[in-house]
Amino acid sequence: MEEIIAKVVSTLEEKNGEDIVTLDLKNKGGLADAFVIVTGNSETHMKTLTEAAEETLEREGRTCRIEGEHSVNWRLIDSGDIVVHVFSHRGREFYRLERLWEE
C-alpha cells in the first residue's frame, strides 16, 4: 500500500498540488487505512489533481469512486483503504482533516 501512496503523492506533486499530507489511519479505526490530502489553487486545478490521482490509482488496479465532483471546496477519491481528499484552500481550512484525525 505504501508504494501506491507514494505513486499518488508523486502524481500530485507533478501536477503542482500544494501542501500534500499523508495520514496513516490503520490503528485509528477509520473507514480507510490512509488519507492523502492535497490542496488545489482553483476549481480547474482541483479537477486536474482529482483526475490524475484517479488515473494513478486505477493503473494500480484500484477501483475508484469520486464524490464532490462539482464542489468548489472538496473532492474525494475513494479506492477502499486509500482515500484522496482534494481541497480548495478554503475547503481545507474549513474541514481541517489533519487536526480531526490527529485527535
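Counting in the working numbering, the sequence shown runs from 1 upward without gaps.
Even for Gly, the Cβ is constructed at its ideal location relative to N, Cα and C.
Because the structure is a prediction, the values reported are computed rather than measured.
For residue j and residue i, believed in contact at Cβ under 8 Å, the rounded distance
{"i": "G17", "j": "S88", "result": "G17 to S88, Cβ: 12 Å. No contact."}
{"i": "I66", "j": "V36", "result": "At roughly 14 Å, the Cβ-Cβ gap does not stay under 8 Å, so I66 and V36 are not in contact."}
{"i": "V86", "j": "R75", "result": "4 Å"}
Which of helix, strand or coil DSSP assigns to residue i
{"i": "R99", "result": "helix"}
{"i": "V83", "result": "strand"}
{"i": "R90", "result": "helix"}
{"i": "T22", "result": "strand"}
{"i": "L76", "result": "strand"}
Own chain residues within Cβ distance below 6 Å of residue i, not counting five before or after
{"i": "K7", "result": "T56"}
{"i": "E60", "result": "I4"}
Through-space distance from residue j to residue i, alpha-carbon basis
{"i": "L23", "j": "E14", "result": "20 Å"}
{"i": "R99", "j": "G91", "result": "14 Å"}
{"i": "E93", "j": "N27", "result": "25 Å"}
{"i": "V72", "j": "S79", "result": "21 Å"}
Residue i burial status per 10 Å Cβ neighbour count (16 or more: buried)
{"i": "L49", "result": "buried"}
Own chain partners of residue i with C-beta closer than 8 Å, once the 5 adjacent residues on each side are dropped
{"i": "W101", "result": "L23, L25, K28, G30 and F35"}
{"i": "D33", "result": "M1, D24, L25, K26, D81 and I82"}
{"i": "A52", "result": "T11, L12, E14 and K15"}
{"i": "E58", "result": "C64"}
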